[in-house]
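Taken in order, these protein sequences are the chains called L and W.
Quick note on this note's numbering: the first sequence kicks off at 148 and runs consecutively.
Quick note on this note's numbering: the second sequence kicks off at 14 and runs consecutively.
C-beta atoms are modelled at their ideal positions from N, C-alpha and C, and glycine is treated no differently.
Source: prediction; values computed, not measured.
Read through the structure below, which is laid out as structure tokens, and then see the notes.
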Amino acid sequence: MKKKYSFLTAIAATAMLITGCGGEDEKVAGAKEGAGSDFNLLEDGQLTYASSGLYKPFSFTEGSDLTGFDVEIGEAIAEKMGLEPNPITTPWETITQSLLGNKFDAIIGSMAITAERAERVNFSDPYYYSGGMIFVPAGSDEITSVEDLEGKKIGVVAQSTYDTAAQKYTEDIKYYNSDVVALKDLTVEGRLDAVITADVVGFEAIASGLEIKEVGEPLWIEQAAVAVRKEDEKLLEDINAAIQEMVEDGTYEEISNKWFERNLLDVDLEGIEILN
Amino acid sequence: MELLKTAYEVFMRTYPGFLEATLFTLQITAVALVLGTILGLFFALMKISRSKVLQTIANLYITIIRGTPLIVQIMFLYFGITSLVVLSGFWAGAIALGIHNGAYIAEIFRGAIQGIDRGQREASSSLGMTRGQSMRRIIFPQALKRSIPPLGNQFIITLKDSSLVYIISVPELFAMANREAAQSFQPLETYLVVGVYYLVLVMIFTFLLKLYENKLDVDK
Numbered sequence: 148m149k150k151k152y153s154f155l156t157a158i159a160a161t162a163m164l165i166t167g168c169g170g171e172d173e174k175v176a177g178a179k180e181g182a183g184s185d186f187n188l189l190e191d192g193q194l195t196y197a198s199s200g201l202y203k204p205f206s207f208t209e210g211s212d213l214t215g216f217d218v219e220i221g222e223a224i225a226e227k228m229g230l231e232p233n234p235i236t237t238p239w240e241t242i243t244q245s246l247l248g249n250k251f252d253a254i255i256g257s258m259a260i261t262a263e264r265a266e267r268v269n270f271s272d273p274y275y276y277s278g279g280m281i282f283v284p285a286g287s288d289e290i291t292s293v294e295d296l297e298g299k300k301i302g303v304v305a306q307s308t309y310d311t312a313a314q315k316y317t318e319d320i321k322y323y324n325s326d327v328v329a330l331k332d333l334t335v336e337g338r339l340d341a342v343i344t345a346d347v348v349g350f351e352a353i354a355s356g357l358e359i360k361e362v363g364e365p366l367w368i369e370q371a372a373v374a375v376r377k378e379d380e381k382l383l384e385d386i387n388a389a390i391q392e393m394v395e396d397g398t399y400e401e402i403s404n405k406w407f408e409r410n411l412l413d414v415d416l417e418g419i420e421i422l423n
Numbered sequence: 014m015e016l017l018k019t020a021y022e023v024f025m026r027t028y029p030g031f032l033e034a035t036l037f038t039l040q041i042t043a044v045a046l047v048l049g050t051i052l053g054l055f056f057a058l059m060k061i062s063r064s065k066v067l068q069t070i071a072n073l074y075i076t077i078i079r080g081t082p083l084i085v086q087i088m089f090l091y092f093g094i095t096s097l098v099v100l101s102g103f104w105a106g107a108i109a110l111g112i113h114n115g116a117y118i119a120e121i122f123r124g125a126i127q128g129i130d131r132g133q134r135e136a137s138s139s140l141g142m143t144r145g146q147s148m149r150r151i152i153f154p155q156a157l158k159r160s161i162p163p164l165g166n167q168f169i170i171t172l173k174d175s176s177l178v179y180i181i182s183v184p185e186l187f188a189m190a191n192r193e194a195a196q197s198f199q200p201l202e203t204y205l206v207v208g209v210y211y212l213v214l215v216m217i218f219t220f221l222l223k224l225y226e227n228k229l230d231v232d233k
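In structure tokens form, the structure reads like this:
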């Protein structure tokens, strides 16, 4: 009688052991409601914010830690709001969906302001500007301007502003969950003709030794901002205040200089289309 | 050789994060296995019961769950039902994996129970046992023993399938590998390394299962 249950008991015991000693569940986009806070936070006293984690140098993992420009901006914002920063990652394709589904409090993940997105979420003031840029394999001279993109095979991240842009030129789009992976695929013979992504991301890849090059000037300038749910007005207000404070007291410049050796907000916006 | 060297470098650089992620993979797999085994047992018994209603329910469960992709079930639990219940990535993933495996495990149990020779049941009823008694005392212990090898197989599949929950941002092993591959520009080495992680986990599991099989004397 005893024997036949021992197998199940063994599994159950193992499961309890393993799950019991972890205690890491908190770090996952959890479902706990923050109680008694002004902001309706996921975790009490913590600003839980998401990025793709696949967007070096803005969000990526070093060893086991999530780091990058976006992650540090999030840390600074949280600190100024008196909250504990809790950066998490989530696939980019479903990031808006996850925000609306209360999986975290804010997107601080290089999300550019667009009219379409603004219908679903509220954006803070921009915390950096970047250019949408075409990248091609280093040896390629097929594409020298935007017009040459016509009918070419272009790699982009689904649900990104680059996706929208690519659709204007071609039906042959290959989708990735990371710009960096798309750039890497650009170096594989015959996979892609071009990738459209942020200038800084492409330059970072080139600096890491990837054999690619940019084409011409940025196609447009986009404004990356923090995204929150429509109903979280107080949260947005305080995030905006935190960003402003950060810019004024030099914290912003410090972070920007650390990652890019320049101030990303310091951009000449004249004569270039601003995406919105 | 060059590849082995760079792969080793990737391994050395990533193991703190990867080990932590391995714990997540094991936790999800463990929860899924417990849930899957309970569900499997439950539905297997329903399927061999004499009640038409219970049989239909079990058939419905198995048809629907076995007929839809695991990734769809994961997304359904995480994104689809948020108006009813909001599950964390960990629980949505573990439950989806458990429900998914439950359908397969139910069939394993059913097969094992129905595979026991008819004569045994007839013999036990001629000894005066009721259907329930013969099930508990005669059929079930033998069936459980027989179901262990295919169960082990299913458990290995579960362990590997747990990699799919990366899609709902659970920081498990495969999610970690994706991030690492993206930031290091070394997909070849990274996926090689993470493949070895899974391989080692499966090998450990296979070994433990073998020990257990020997102890139970499954072959006899």
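Going along chain W in order, which residues have a C-beta closer than 7 Å to the C-beta of residue 237 (chain L)? 182
In chain W, what lies closer than 8 Å to residue 244 (chain L) by C-beta? Within chain W, the residues whose beta carbon sits less than 8 Å from that of residue 244 (chain L) are 92, listed in sequence order.
Is residue 302 (chain L) closer than 9 Å to residue 320 (chain L) when the C-beta atoms are compared? Contact flag set, yes.
Three CB pairs or more closer than 8 Å across the region 188-203 of chain L and the region 184-200 of chain W: yes
What does a CB cutoff of less than 6 Å around residue 182 (chain L) pick up in its chain, not counting 5 residues either side in sequence? Because residue 182 (chain L) sits at a pLDDT of 36, beneath the cut-off of 50, its placement in the model cannot be relied upon, and the following sentence gives the value as read from the coordinates. Cβ neighbours of residue 182 (chain L) within its own chain (closer than 6 Å, five residues either side excluded): none.
Identity of the residue in L:363, L:279, L:247 nearest residue 344 (chain L) by Cα: L:279
Against chain L: residues of the region 169-198 of chain W by CB proximity under 9 Å: 179, 180, 181, 182, 183, 184, 188, 189, 191, 192, 193, 194, 195, 196, 197, 198
Measuring only between beta-carbons, confirm whether residue 355 (chain L) sits less than 9 Å from chain W. yes
Buried or exposed: residue 244 (chain W), going by 16 or more other Cβ atoms within 10 Å of its Cβ? A query on residue 244 (chain W) cannot be resolved here, the shown segment of chain W reaching from 14 to 233 and no further.
What are the boundary residues of the beta strand (DSSP E) that residue 360 (chain L) is part of? It spans 359-376 - the beta strand (DSSP E) in which residue 360 (chain L) sits, taken as one unbroken run.
Is the shortest distance between the beta-carbon of residue 124 (chain W) and the beta-carbons of chain L less than 9 Å? no
Quick check: residue 419 (chain L) and residue 359 (chain L), are their CB atoms within less than 9 Å of each other? no
Among the candidates L:327, L:281, L:254, whose CA atom is the shortest distance from the CA of residue 207 (chain L)? L:327
Beta strand (DSSP E) segment containing residue 25 (chain W), residue limits: Segment 15-61 is the alpha helix (DSSP H) holding residue 25 (chain W); no beta strand (DSSP E) there.
Restricting to runs no shorter than 3 residues, where is the beta strand (DSSP E) found entirely within the region 269-312 of chain L? 301-304
Sequence-distant residues of its chain with Cβ nearer than 6 Å to residue 79 (chain W) (five each side left out): A distance below 6 Å between beta-carbons, with the five flanking residues on each side excluded, links residue 79 (chain W) to the following residues of its chain, in chain order: 116.
Let me check understanding here. Comparing Cα to Cα, which of L:333, L:340, L:276, L:336 lies closest to residue 297 (chain L)? Checked all of L:333, L:340, L:276, L:336; the closest Cα to residue 297 (chain L) is L:340.
Helix, strand or coil at residue 326 (chain L) [DSSP, three-state]: helix
Any chain L beta carbon closer than 9 Å to residue 95 (chain W): yes
To the nearest angstrom, report how far apart residue 267 (chain L) and residue 388 (chain L) are at their CA atoms. 22 Å
Looking only at its own chain, which residues have a Cβ that is under 7 Å from the Cβ of residue 50 (chain W), when we skip the five neighbours before and after it? 118
Is the Cβ of residue 344 (chain L) closer than 9 Å to any Cβ of chain W? Not closer than 9 Å to any Cβ of chain W, the Cβ of residue 344 (chain L) fails to qualify, so no.
Below-9 Å beta-carbon distance, residue 15 (chain W) vs any chain L residue: no
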